[in-house]
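S.K.:
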Amino acid sequence: MALPWIILLTPLLSAAFITLFTQRLRNFSAMISVAACLVSFVGVCVLHFWPNGSPTAAMGWLDLGPVFSVSIGFTVDRLSKAMLFVVTGVGLLIHIYSLGYMEDDAGKSRYFAGLSLFMFSMIGIVFADNFVMMFIFWELVGVSSYILIGHWFDKPAPPAAANKAFITNRIGDFGFMLGILMLWVSTGTVYFTGLKSAVPALAGNPGFLAVATVLVFCGAVGKSAQFPLHVWLPDAMEGPTPVSALIHAATMVAAGVYMLSRVYFLVAASPAAQAVIGAIGITTAVGAALMATQQNDIKRILAYSTLSQLGYMICAAGIAPNGPAMYHLFTHAFFKALLFLGAGAVIYGTHHEQDIWKMGGLKNRLPSTFLTFLVGTLALTGCPGLSGFFSKDAIISAAREGGHPFIFALALATAFLTSFYMFRLMVVVFWGHTRTEHARDGHQPPAVMTIPLWILAIASIIAGYGFFAGRFLTLPKEHMDMGVASLSILVFLAGGGLAWYFYNGRDSDPIVIPLLANRFYLDELYHTLIALTQDLAASLSATFDRWILDGAIVRGLSSAAWITGFVLRFLQLGNLQAYAFLFGGGFVILIYYFLFSKP
Amino acid sequence: MELTLDDYLLVSGLLFAIGFAGVLLRRNIIIIFMCLEMMLNAANLSLVAFSRFNVQAGLPNYNGQMLVFFIITVAAAEVAVGLAVIVALYRARGTTHVEDISSLKF
Amino acid sequence: MMTAILFWFFAALMLGFACAVVFNRNPVASALSLVVSFIGLAALFVMLDAYFLGTIQVLVYAGAVMVLFLFIIMLLDLKAEVRRKLHIGIVAGGLAVAAAFVFQLCAVLEELPFGGRGFPAIRQPLNDVRNVGYVLFSDYNLPFQVVGVLLLVATIGVVILSKRELK
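Line by line, the protein sequences are chains A, B and C.
The first sequence begins at 4 in our numbering and counts up by one.
The second sequence begins at 955 in our numbering and counts up by one.
The third sequence begins at 22 in our numbering and counts up by one.
#1: Give the single residue among B:F1023, B:A1031, B:P1014 whose Cα lies nearest to the Cα of P146 of chain C.
#2: Is there at least one Cβ from chain B nearer than 8 Å to Y72 of chain C's Cβ?
#3: For the stretch 977-989 of chain B, which residues have a CB atom closer than 7 Å to at least one CB atom of chain A, in sequence order?
#4: Which residues does DSSP pair with I75 of chain A in a beta bridge?
#5: Using 8 Å as the threshold, is the C-beta distance between Y149 of chain A and T296 of chain A below it?
#6: Hey, how far is the Cα of A997 of chain B from the Cα of D149 of chain C?
#7: Taking three-plus beta-carbon pairs below 8 Å as touching, is the stretch 99-118 of chain A in contact with the stretch 338-354 of chain A?
#8: Between the C-alpha atoms of A131 of chain A and A540 of chain A, what's the straight-line distance to the nearest angstrom?
#9: Kindly list, in the order they appear in chain B, the residues whose Cβ is closer than 9 Å to that of G577 of chain A.
#10: Please go through the stretch 358-413 of chain A and give each complete alpha helix (DSSP H) segment of 4 or more residues, from N-terminal end onward.
#11: Quick one: what's got a C-beta closer than 6 Å to G63 of chain A's C-beta in the same chain, skipping five residues either side?
#12: If contact means a Cβ-Cβ distance below 7 Å, which residues of the stretch 560-594 of chain A contact chain C?
#13: Which chain B residues are close to L55 of chain C, counting only those with a beta carbon under 8 Å from its beta carbon?
#14: Can you tell me where the alpha helix (DSSP H) with M294 of chain A in it begins and where it stops?
#15: Rounded to a whole number of angstroms, what is the C-alpha to C-alpha distance between T334 of chain A and I533 of chain A?
#16: Between L493 of chain A and S311 of chain A, what straight-line distance do the alpha-carbon atoms span, to the nearest angstrom?
#17: Could you tell me if H108 of chain C is buried or exposed, where buried requires 16 or more neighbouring beta carbons within 10 angstroms of its beta carbon?
#18: Is it a yes or a no for the stretch 111-130 of chain A touching the stretch 9-22 of chain A, going by three-plus beta-carbon pairs under 8 Å?
#19: Beta carbon of G1036 of chain B: closer than 7 Å to some heavy atom of the ligand GTP?
#20: Terminal residues of the continuous alpha helix (DSSP H) containing T216 of chain A?
#21: Under a CB-based cut-off of 8 Å, is Q125 of chain C close to chain A?
#22: Take the Cβ of Y261 of chain A as the centre, count every other Cβ of all protein chains shown within 10 Å, and call the residue buried at 16 or more, exposed below.
#23: Is the beta carbon of P245 of chain A closer than 8 Å to that of I454 of chain A?
#24: Among the residues of its own chain, which have a CB less than 6 Å from the CB of T286 of chain A, if the five just before and after it don't count?
#25: Going by DSSP, what residue range makes up the alpha helix (DSSP H) through E106 of chain A?
#26: Compare the C-beta of V1136 of chain B with all C-beta atoms of chain A and state if any pair is closer than 8 Å.
#27: Just curious, the alpha helix (DSSP H) that A252 of chain A is in, first and last residue?
#28: According to DSSP, is I45 of chain C part of a helix, a strand, or is it coil?
#29: Alpha carbon to alpha carbon, how far is R46 of chain C from L69 of chain C? Give it in angstroms, no decimals.
#30: Round the Cβ separation of A611 of chain A and A401 of chain A to the nearest angstrom and send it over; I've been treating them as touching at under 8 Å.
#31: Mapping the DSSP letters down to three states, classify H1051 of chain B as helix, strand or coil.
#32: Is it the case that the Cβ atoms of G2 of chain A and I317 of chain A are separated by a distance below 8 Å?
#33: In chain A, which residues lie with their C-beta within 9 Å of the C-beta of F974 of chain B?
#34: Is DSSP giving Q312 of chain A helix, strand or coil here?
#35: Would you say S112 of chain A and I183 of chain A are within 8 Å of each other, going by their C-beta atoms?
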């Protein structure tokens, strides 16, 4: 049956069509792209009622005989259905939102083509039934991200950010590839089903399995922007806000978490890998939350928030494989997309102002945006009753139950910081008095932008409950641990209260911590390292070129020829009898050699 | 005392050596040329000796003598041309002293 | 017995006058010594029953080639060679090479298995000229014709080379 093929290929056809034929017709291109996304979403809804399994015959893609053959196949199970719903649902809402946000943009066709390409690639990752196919679409998603981040390429910052994103991802993908190769070499298959059955055999060599799993995890480190490859995500905010919402909040960065959930059996079989993944995840969560408290650009704050939440998810995927990570991914997609789209509405309404200290008092000027943004904030910070509360709780409980006290404490600290910086954002942007002209002119965005906000707001509220999420995922527990719940409520209120106390009525940031504001100076550190490496390589090459290639080889050869000529020159005596003497002498020697000494 | 092949070959070799020493020691180019002819004749003597030695059916092996015939002829032609060259050289350089003709020296 | 004496006599004649060629200052004297040496060689040819070749040796070599040498010596009006200082090393070197050659020759001659034998008998009467002509014009006809062309070429070359000014 062709339904998975339709879901997968419609966005690709839309992207191709727009690129080839309708570049001039901006509105038409936008419509095509939205229609394609709608088709995919409807297809996913229909697919939801299909039984699990892979009913579609795969298309052979690379066939090297018995040694290696890979096909483009489809996995239809609970996990992929859940992820597909998130990807296409949130994607559709963002497509509609973009109709308003990118209304006057000159590169609208290019933008929508990029969005369609992204949808195709992301759906491909979700559907993948083997590592090679996933890797192909992994890279395609990176390409789409590059295209979309660098959308406004006439300014200097976006292309640089796009480069940074792609290169950093590439570093992670290198480890990913090594991991895939290790698994293929040891088990002979790259299919997830095959790997799952081969894991018990692999578990006999724990070191090998740990290394392979950690290398595969490197792909997630790159794609989901974990420490130390997190540096690209804040810079990626140079792209248009809907792109940030779709790609860098809800879906692409979640691909790492999805991949880890796909191969949870590998993680589950290797305690060492679990420790590594958990450690990196929680480090990212805490570090990003700390950095977010000192940022002043509305999108940057949200970007660091995304980093932090991704850290949560990755940590959960490490300490509790096949557990609450997907749950949090599910809820996070909705409220983070909502927050980004809300930020976009604020930016749109204040004539592209992005510094929070130049806004203020917007709650009366943009009421709709304010309310939906509030819902998103409450969901993110874990207000009881909203979706984020349940999913975050699940993770914190898992940390406590898994016997990771350190991670538990850090997770709670992160929740506190999350609450703190989000309410800082809300207070500074929406309360108080308007600080600048732009803020005073703040106006509501058009309906095509506010309706997706409301839909996402509703989703953020209900996504945690069993009647909605339970259709897609296996929820961790029916009733939750009261101890953990009360602790989370406590940190939520503490963070909110502190933020109100510090920031209400201020015009500039009272707390200044340069280490955090400069993001732990990691960007500078990377720059220096790269510059050093390049200089070293350049000087080595220069020395090699100057001394060995030029000196020893080129000049050496020419000198050898010259010296030989110079020495032989002395045989040219110009004297006839000297020649005759040499001739006779040689003759005598030859006779001696041939007749008397040689056999 | 019967004559043997060795005797003729020895005489031929001595003649050759004398000619070669003349080429190396004399300075006048005409004399050198004459010593060169002497060396050719030494070879001729060897050939004729061998021809006489290899008797088939009562006759000497005339192939050796044929070669001598041709050597003499070609040597005559060579002397003619060589002396013409020497004359041209004398007209150009004004000397027949071999040490003065060394413009191919490095 | 007689043959041996004659052989050594003519050999000594030949070698002696050959030495005279090498050591004589006067070029005319050298040339004439060489003529005598060639006559000695012709005698040796005759002793080896090569009558035709002996005749040819005298006619061509002694009679034509050496005369040509004398003509050139007269043409160039060569005086006796002015004695220049002779480097002792050069003399030693030249003599050493020649001596080495003779030495090696003697060593080889000792090894020769057939060297100690005398000459086999040949039938008498030996029609030497007839035999030579027979072989020359049957087996060696082509080289004979070629040598004719060679002599023609040499003649032309000599004429051109001796022109005073080549324009």
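Where a beta carbon is used, it is the ideal one built from N, C-alpha and C, also for glycine.
All values derive from a computational prediction rather than experimental measurement.
M.R.: Looking at the coordinates:
#1: In the third sequence, the residue the question calls residue 146 of chain C occupies position 125. For the residues B:F1023, B:A1031, B:P1014, the minimum Cα distance to P146 of chain C belongs to B:P1014.
#2: The count along the third sequence starts at 1 and reaches residue 72 of chain C at position 51. It does not; no Cβ of chain B falls within 8 Å.
#3: V977, L978
#4: Position 72 of the first sequence, counted from the start, is the residue given in the question as residue 75 of chain A. Answer by DSSP bridge pairing, in chain order: A:M62.
#5: Mapped onto the first sequence, residue 149 of chain A falls at position 146. Mapped onto the first sequence, residue 296 of chain A falls at position 293. Against a cut-off of 8 Å, the Cβ pair of T296 of chain A and Y149 of chain A comes out as no contact.
#6: Counting from 1 along the second sequence, the entry for residue 997 of chain B is found at position 43. Counting from 1 along the third sequence, the entry for residue 149 of chain C is found at position 128. The straight-line gap from Cα to Cα measures roughly 21 Å.
#7: yes
#8: Reading the first sequence from its first residue, position 128 is the one you call residue 131 of chain A. Reading the first sequence from its first residue, position 537 is the one you call residue 540 of chain A. Cα to Cα, A131 of chain A sits roughly 39 Å from A540 of chain A.
#9: Working through the first sequence from its first residue, we reach residue 577 of chain A at position 574. Chain B residues near G577 of chain A: I1055, S1056, S1057, L1058, K1059, F1060.
#10: 370-384, 390-404
#11: Counted from its first residue, the first sequence places residue 63 of chain A at position 60. The residues are S74.
#12: F584, G587, G588, V591, I594
#13: Here residue 55 of chain C corresponds to residue number 34 of the third sequence, with the count starting at 1. Ordered by position in chain B, the residues that pass the 8 Å Cβ test against L55 of chain C are M988, E991, M992.
#14: Walking along the first sequence from the start, residue 294 of chain A turns up at place 291. First-last of the alpha helix (DSSP H) with M294 of chain A: 274-295.
#15: Within the first sequence, numbered from 1, the residue matching residue 334 of chain A stands at position 331. Within the first sequence, numbered from 1, the residue matching residue 533 of chain A stands at position 530. If I take the Cα positions, the gap works out to 38 Å.
#16: For the purposes of this step, residue 493 of chain A is taken as residue 490 along the first sequence, with counting starting at 1. For the purposes of this step, residue 311 of chain A is taken as residue 308 along the first sequence, with counting starting at 1. Taking the straight line from one Cα to the other gives about 20 Å.
#17: Reading the third sequence from its first residue, position 87 is the one you call residue 108 of chain C. It counts as exposed.
#18: yes
#19: Absence of the ligand GTP is noted for the structure shown, with no ligands found whatsoever.
#20: As a working note, residue 216 of chain A is residue 213 in the first sequence. From DSSP, the alpha helix (DSSP H) with T216 of chain A extends over 209-226.
#21: As a position in the third sequence, residue 125 of chain C is number 104, starting the count at 1. Chain A, which has a Cβ nearer than 8 Å to the Cβ of Q125 of chain C, makes this yes.
#22: Within the first sequence, numbered from 1, the residue matching residue 261 of chain A stands at position 258. Buried is the call here.
#23: Mapped onto the first sequence, residue 454 of chain A falls at position 451. Mapped onto the first sequence, residue 245 of chain A falls at position 242. No, the Cβ-Cβ distance between I454 of chain A and P245 of chain A is not below 8 Å.
#24: Position 283 of the first sequence, counting from 1, holds the residue named residue 286 of chain A. Contacts found: F230.
#25: Start at 1 with the first residue of the first sequence, and residue 106 of chain A comes out as number 103. Note, E106 of chain A: premise wrong, no alpha helix (DSSP H); not H, not E.
#26: Only positions 955 to 1060 of chain B appear in the structure, and residue 1136 of chain B is not among them; the question remains open.
#27: Locating residue 252 of chain A in the first sequence gives position 249, counting from the first residue. Unbroken run through A252 of chain A: none, as it is neither H nor E.
#28: For the purposes of this step, residue 45 of chain C is taken as the residue at position 24 of the third sequence. It should be noted that the sequence gives Asn, not Ile, for residue 45 of chain C. Note: N45 of chain C maps to coil in three-state DSSP.
#29: Working through the third sequence from its first residue, we reach residue 69 of chain C at position 48. Working through the third sequence from its first residue, we reach residue 46 of chain C at position 25. Distance between the alpha carbons of L69 of chain C and R46 of chain C: 34 Å.
#30: Missing from the structure shown is residue 611 of chain A; chain A here goes from 4 to 602 and no further.
#31: Stepping through the second sequence from its first residue, residue 1051 of chain B is reached at position 97. Of the three classes helix, strand and coil, the one that applies to H1051 of chain B here is strand, per DSSP.
#32: In this structure chain A extends from 4 to 602, so residue 2 of chain A is not present and cannot be described.
#33: The count along the second sequence starts at 1 and reaches residue 974 of chain B at position 20. Ordered by position in chain A, the residues that pass the 9 Å Cβ test against F974 of chain B are A583, G587.
#34: Here residue 312 of chain A refers to the residue found at position 309 of the first sequence. In this structure, Q312 of chain A counts as helix in the three-state DSSP scheme.
#35: The residue given as residue 112 of chain A occupies position 109 in the first sequence. The residue given as residue 183 of chain A occupies position 180 in the first sequence. No, the pair does not count as a contact, with Cβ atoms beyond the cut-off.
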